[in-house]
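A.B. asks: Structure provided below as structure tokens; questions to follow.
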Amino acid sequence: MRRMMLSMLAITVAVSSCSSGENMNNPNTTTQQQAIARIEKLISEAVATLGPNTKMELISTSLEPMKCLEPSDGGSEDRIVVSRSYYLPDISKDRTVEAAEKIKKHWETQGHEITVFRGAEPGGPSISGRTRPDDFLFSLTTTQDGVIDIGANSTCIWPNGTPEPKKP
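For the sequence shown, the positions run -21 to -1, 1 to 147 when mature numbering (1 follows the signal peptide of the UniProt record, and there is no 0) is used.
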């Protein structure tokens, strides 16, 4: 239960700071399927740096799209944010800092911006950042039990990439 609360807190923080993903001159966005594929790739490539057999447990609460809260561009709140989060249960507590450093290095090598990095501190390592050039948010946190939780979410998007037609 504690893990789920921490995961939901991380997602809530990420969603509330979501950028729009929409240019008011061109309201088209990434589609939901494209965003999910981007997120899965971002996470799986980072986890692959920990070894080919690193187990990932999907956090089921991350499967449901969320409403775009407080869009920074003044755009529609009818857009959504998609996300995925995974636990990495095979990474022992004594390896969480090493794992976080490898993932951080990978994300930096990919050209992404790390906005927060906390290594060997009480509560375990944590990372927050933004992908470039698409501005998706990603994070790595450590649960109270010492398990790594890695996730990412999209900017505010239209499910099909374009605004839904207005109903008469």
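Beta carbons: idealized from backbone N, C-alpha and C, even for Gly.
All figures in this text were calculated on a predicted structure; none of them were measured in a lab.
Assign P104 to buried or exposed, taking buried as 16 or more other Cβ atoms, counted over all protein chains shown, within 10 Å of its Cβ.
C.D. replies: buried
A.B. asks: Given 8 Å as the limit, is there contact between the region 62 to 82 and the region 119 to 131, that is, 3 or more CB pairs closer than that?
C.D. replies: They touch, by the three-pair rule.
A.B. asks: Considering only C-alpha positions, which residue in the set S71, T134, E92 and W86 is nearest to residue 201?
C.D. replies: Summary: the structure shown does not reach residue 201, with the chain confined to residues -21 through 147, and so no result is reported for it.
A.B. asks: Alpha carbons only, please: which of T8, L42 and W86 is nearest the one belonging to S118?
C.D. replies: W86
A.B. asks: Could you tell me the distance, in whole angstroms, from the CA atom of R97 to the CA atom of P44?
C.D. replies: 28 Å
A.B. asks: Looking at the structure shown, is D73 part of a helix, part of a strand, or coil, going by DSSP?
C.D. replies: helix
A.B. asks: Just curious, the beta strand (DSSP E) that L21 is in, first and last residue?
C.D. replies: Element bounds for L21: not the beta strand (DSSP E) but the alpha helix (DSSP H), Q11 to A27.
A.B. asks: Any idea which residues DSSP pairs L116 with across the strands?
C.D. replies: R109 and N132
A.B. asks: Count the other CB atoms, across all protein chains shown, that sit within 10 Å of the CB of L29; report buried if there are 16 or more and exposed otherwise.
C.D. replies: buried
A.B. asks: Under a Cβ-count criterion, where at least 16 other Cβ atoms within 10 Å of its own Cβ denotes burial, should L21 be classed as buried or exposed?
C.D. replies: L21 is buried by the Cβ-count criterion.
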